[in-house]
Amino acid sequence: MSKKIWYSLFAVLALTALVLTACGGAAPAEPAAEAPAAPVEEAAPADTQVEVFSWWTGGGEAAGLEAMIGIFDAEYPDIEFVNAAVAGGAGTNARAVLATRLQAGDPPDSWQGHAGQELIGTYVEGGQIQALNDLYEAEGWLDVMPETLIPLISNEGNIYSVPVNIHRANVMWYNPTVLEENGVEVPTTMDEWFAAMDTLQAAGVTPLALGEQWTQLHLFETVLLGSLGSEAYDGLWDGSTDWTSAEVTAALDNFAKVLTYTNSDSASLSWQDASQLVINGDAAFNVMGDWAEGYFRELGKTPETDYGWAPVPGSVGVFQFLSDSFTLAVGAPHPEGAEAWLKIAGSKAGQEAFNPIKGSICARTDCDPELFGVYLQSAMADWGSNTVSGSLTHGVVANDSWKSEIDTALGLFLIDQDVEGFQTALVAACVSSGPCQ
Amino acid sequence: MFKNKDKYLSVILISPSVIAILIFVYGFIGWSMRVSLSNWKGINPDYSWAGLKNYIALFSDPRFHIDIRNTFIFTGVFVIGSILLGFFMAVMLDQGLRGEGFFRSIFLFPMAISYIVTGVVWRWLMNPAEGVRMSGLNLLFSSLHLDFLVNKWYTTPTWGIAAIAMTAIWQMSGYIMALYLAGLRSIPNELREAARIDGASELKIYRHIILPLLTPITLSALIILGHTSLKVFDLIIAVSGKQLPLDVPAIYMWQTTFDGLFYGRGAAISIILLLSVAVLIIPYIRYTLKTGVEQ
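Protein sequences appear in the order of chains B and A. For reference, each letter of the first sequence is one residue, going 1 to 437 in this note's numbering. For reference, each letter of the second sequence is one residue, going 438 to 732 in this note's numbering.
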């Protein structure tokens with residue numbers, strides 16, 4: 001009998017162990033890339049490495065990161081680069097893993113985030129990243145990055161991240177053949193755009209290709225910018241433009257009108273599907289960020305003959321940007337390594353290595369245009385000369401809470417088409433999560 | 438002596454899982470309730486007391502109204518559809534036709550597929566594109582000259598969610614069929630024969646003998662389908678992504694908590710979900726426990 005008890009007790013212990021490990025497994029999975037890093041960390045002295053966290057695990061992004069790591073290794077041969085990238089969901093998984101690590105007090109030295117309020121609203125608010133003003137001054141970055149960019153990635157005068165690449169949000173892609181066949185010029189103002197789309201619609205062409213809800217938010221922000229102009233648009237996000245004003249109403253009316261020119265099956269299309277409609281000649285225009293250009297090239301299309309581009313009407317002379325950037329963790333385990341990494345991320349050599357592969361332009365204005373294709377060269381020229389405004393959909397101008405409230409307001413508007421209700425909801429969103437009180 | 442020791446042992450053996458469940462299920466339910474009564478918004482925990490503010494706000498939130506409407510439509514179409522179709526297939530298979538095993542497997546197969554796969558396949562089948570880009574079921578209907586059947590599927594205003602429910606019926610009706618088939622097989626043939634001798638028509642046999650005897654199975658089916666439909670999430674995400682016309686409470690909770698950092702509101706939605714599932718499940722558990730003891 002007593003033997004049986006011992007067996008049972010053993011069984012209980014074993015079960016407990018099982019339950020505990022099972023529970024451990026249910027927590028968000030640790031990144032695979034971390035596992036090999038752990039033993040190294042113990043063996044190497046503190047400041048000879050740097051752990052950089054990102055969601056660049058595939059395609060041009062991963063290859064670009066590798067190229068940048070190559071520059072890093074050449075410049076700092078004594079510092080080991082630990083690439084802690086987490087795959088999946090355009091960063092959704094990575095952000096969940098990062099949140100877990102930050103809550104556990106185990107931050108990576110530096111991590112990727114969309115420059116602007118997405119980073120500031122989350123990590124500056126949480127006291128988890130350090131200001132980098134000294135680094136900007138020491139490296140002279142303030143002279144090589146557009147003046148209008150700096151306030152957009154700062155909070156109360158402090159700059160919190162180093163932008164590595166720049167994408168443009170306010171690009172209108174068009175099919176040159178379709179425009180030509182219908183005798184339509186590339187529009188530069190909202191009114192010209194409406195006139196052009198009227199002509200196209202009368203000719204039986206879908207004027208504007210549109211995809212699922214987030215691409216509609218993307219379209220919305222560009223129409224806001226095109227209708228309000230950059231100053232009033234920027235003012236929406238710092239509280240100096242009144243969301244209840246008549247000019248916002250007019251912008252919303254414009255957006256409602258733009259939607260009447262779109263394909264009926266937008267809710268079922270991804271952004272690739274939507275931009276492909278333009279390439280295939282099924283639609284004339286599409287508004288999408290300039291990663292679409294990478295997609296067109298993948299399809300084997302030629303710039304300027306198969307597809308053309310222009311700023312979204314009304315936003316000529318404005319560069320509405322989004323950017324991937326890197327931070328410096330509060331309590332970074334390897335501060336010197338982290339600083340070395342940020343220097344590379346902000347350097348001409350680092351950005352010239354990364355961006356041609358990723359299909360974006362440098363955040364610096366002094367990169368060599370010869371390294372880039374036709375479209376990116378034109379984007380670089382605009383980046384150096386235009387006024388810079390930030391993207392809403394991609395985290396520059398509004399924090400996550402505000403953005404998600406705007407997204408909900410937009411979703412409701414798409415259902416009921418009630419402009420007045422939309423504006424009321426946008427005002428409420430600004431009060432609950434933005435600067436309006 | 439021996440019996441006492443057994444009792445003692447069983448308590449020890451069961452305690453680890455009880456403790457784990459207490460912490461990881463009930464503990465976290467309690468924590469979620471606490472969060473739902475707080476002002477927590479943003480990355481840092483904030484447990485300041487908000488009372489029922491989050492709940493009250495939800496019931497005047499137009500998005501939550503859409504969620505509730507969609508849940509009702511989805512549950513109605515899905516539960517009724519699956520039960521009717523499942524019962525019909527079970528009755529057909531029960532007629533002793535040849536190759537029954539073959540058909541049974543075919544009807545059951547969809548259940549083995551994950552909702553994500555079902556969603557991806559049906560997303561393609563239910564493509565709402567028009568004109569030259571038409572594809573999937575619409576193209577099939579149109580080439581068969583059944584143009585009146587061509588529709589916008591899940592992008593139909595208001596009723597789009599019913600199209601999603603249809604894919605869920607496709608997936609779950611085989612399971613309901615299996616339940617009913619087992620039930621039908623357990624009804625002694627003598628009962629039917631006796632009724633036939635008394636001159637009852639086949640319809641009357643089903644109406645007055647078989648259906649009443651299958652009540653416990655219908656109840657189980659209702660509960661299983663009902664609570665699945667309240668929790669539906671992955672199927673909708675796979676078909677349409679995050680889009681408001683097809684929003685349900687689980688998607689709202691996920692988006693508002695993890696994209697928008699409204700932890701208090703997200704917790705309130707999850708508690709409402711939990712309560713609505715509990716309303717369905719608890720009477721059922723009590724009923725099964727009672728009948729179990731009686732047996």
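Note that beta-carbon positions come from the ideal geometry of N, C-alpha and C, so glycine has one too.
B/W111 burial status per 10 Å Cβ neighbour count (16 or more: buried): Residue burial annotation: B/W111 is buried, with at least 16 other C-beta atoms found within 10 angstroms of its C-beta.
Residue closest to A/P431, alpha-carbon to alpha-carbon, out of A/I673, A/Y617, A/S572 and A/Q608: In the structure displayed, chain A extends from 438 to 732; residue 431 of chain A sits before or after that span and is not available.
Assumed close pair B/G126, A/N481 - CB separation to whole angstroms, cut-off 8 Å: At roughly 5 Å, the Cβ-Cβ gap stays under 8 Å, so B/G126 and A/N481 are in contact.
Of the listed residues B/E247, B/V52, B/S154 and B/A195, nearest to B/A85 (C-alpha basis): Checking every option, the nearest Cα to that of B/A85 belongs to B/V52.
6 Å Cβ shell around B/A283 - same chain, five flanking residues per side excluded: T206, A209 and L277.
Test item: CB-CB of B/G359 and B/G157 under 8 Å: No, Cβ-Cβ distance for B/G359 and B/G157 is not below 8 Å.
Any chain B beta carbon closer than 8 Å to A/R500: So yes, A/R500 belongs to the interface.
Under 7 Å (Cβ pairs) to chain B, residues found in the segment 663 to 688 of chain A: The residues in question are S677, G678, K679, Q680, L681 and P682.
Sequence-distant residues of its chain with Cβ nearer than 6 Å to A/S713 (five each side left out): Within the same chain, and ignoring the five residues on either side of A/S713 in sequence, the residues whose Cβ sits closer than 6 Å to its Cβ are L667.
8 Å Cβ cutoff met for B/V330 and B/Q130: The answer is yes: Cβ separation under 8 Å.
For A/W477, the three-state DSSP class (helix, strand or coil): Here A/W477 sits in coil by DSSP.
Partner residues on chain B for A/R541, Cβ-Cβ distance less than 8 Å: Within chain B, no residue comes near A/R541; the closest Cβ sits about 34 Å away, beyond 8 Å.
Contact belief for A/V685 with A/D504 at Cβ below 8 Å, rounded distance in angstroms: At roughly 5 Å, the Cβ-Cβ gap stays under 8 Å, so A/V685 and A/D504 are in contact.
Buried or exposed by the 16-neighbour rule on C-beta atoms within 10 Å, applied to B/Y136: The residue is buried, with at least 16 neighbouring Cβ atoms inside 10 Å.
Best match in B/P311, B/S264, B/K343 and B/V396 for proximity to A/P594 [C-alpha to C-alpha]: Answer by Cα proximity: B/S264.
N- and C-terminal bounds of the alpha helix (DSSP H) containing A/S579: Here the alpha helix (DSSP H) through A/S579 covers G573 to S580.
At least three beta-carbon pairs within less than 8 Å, the segment 399 to 407 of chain B to the segment 657 to 675 of chain A: Remark: fewer than three beta-carbon pairs, one from each stretch, lie closer than 8 Å, so the segment 399 to 407 of chain B and the segment 657 to 675 of chain A are not flagged as touching.
The segment 510 to 520 of chain A touching the segment 634 to 643 of chain A, judged by at least three CB pairs closer than 8 Å: No, the segment 510 to 520 of chain A is not in contact with the segment 634 to 643 of chain A.
Cutoff 8 Å: A/F699 Cβ touching any chain B Cβ: Answer yes: the Cβ-Cβ gap between A/F699 and chain B drops below 8 Å somewhere.
CB contact below 8 Å: B/L132 versus chain A: At a cut-off of 8 Å between beta-carbon atoms, B/L132 makes no contact with chain A.
Contacts of B/Q213 in chain A (Cβ-Cβ under 8 Å): B/Q213 reaches chain A at G678, K679, Q680 and L681, counting residues in chain order whose Cβ is nearer than 8 Å.
CB contact check: A/N491 to chain B, cutoff 8 Å: No, A/N491 lies away from the interface with chain B (no Cβ there is under 8 Å from its Cβ).
Reduced DSSP secondary structure (H/G/I, E/B, other) of B/M68: Residue state, collapsed to three classes: helix.
Simplified DSSP assignment, three categories, for B/A131: The three-state reading of DSSP puts B/A131 in coil, since its state is none of H, G, I, E or B.
Between the CA atoms of A/I706 and B/L200 - distance to the nearest angstrom: So the two alpha carbons sit approximately 45 Å from each other.
Neighbour flag for A/I480 against chain B, beta carbons, 8 Å: Using a CB distance cut-off of 8 Å, A/I480 counts as an interface residue toward chain B.
Contact with chain A by B/V19, beta-carbon distance below 8 Å: Because B/V19 sits at a pLDDT of 47, beneath the cut-off of 50, its placement in the model cannot be relied upon, and the following sentence gives the value as read from the coordinates. At a cut-off of 8 Å between beta-carbon atoms, B/V19 makes contact with chain A.
Three-state secondary structure assigned by DSSP to B/M288: Under the three-state reduction of DSSP, B/M288 is assigned to coil, being neither helix nor strand.
Strand pairing of B/S324, partner residues [DSSP]: In the sequence under discussion, the amino acid at residue 324 of chain B is Asp, which differs from the Ser named in the question. Note: B/D324 sits in a beta bridge opposite B/H114.
Coil, strand or helix - A/G597 by DSSP: For A/G597, the secondary structure class from DSSP, reduced to helix, strand or coil, is helix.
Cut-off 7 Å between Cβ atoms - residues of its own chain near B/F422, not counting five sequence neighbours on either side: Correct list, in chain order: L252, A409 and F413.
Residues near B/D382 in its chain [Cβ-Cβ closer than 6 Å; skip 5 each side]: Around B/D382: F319.
Partners in chain B for A/E567, counting only beta-carbon separations shorter than 8 Å: What A/E567 touches in chain B: S264 and D265.
Backbone CA spacing between A/S454 and A/F509 [nearest angstrom]: Straight through space, the alpha carbons of A/F509 and A/S454 are spaced by roughly 35 Å.
Whole runs of the alpha helix (DSSP H) within the segment 159 to 202 of chain B, excluding any shorter than 4 residues: If one requires a minimum length of 4 residues, the alpha helix (DSSP H) runs lying completely within the segment 159 to 202 of chain B are 176 to 181 and 190 to 202, in chain order.
Cutoff 8 Å: A/D696 Cβ touching any chain B Cβ: So yes, A/D696 belongs to the interface.
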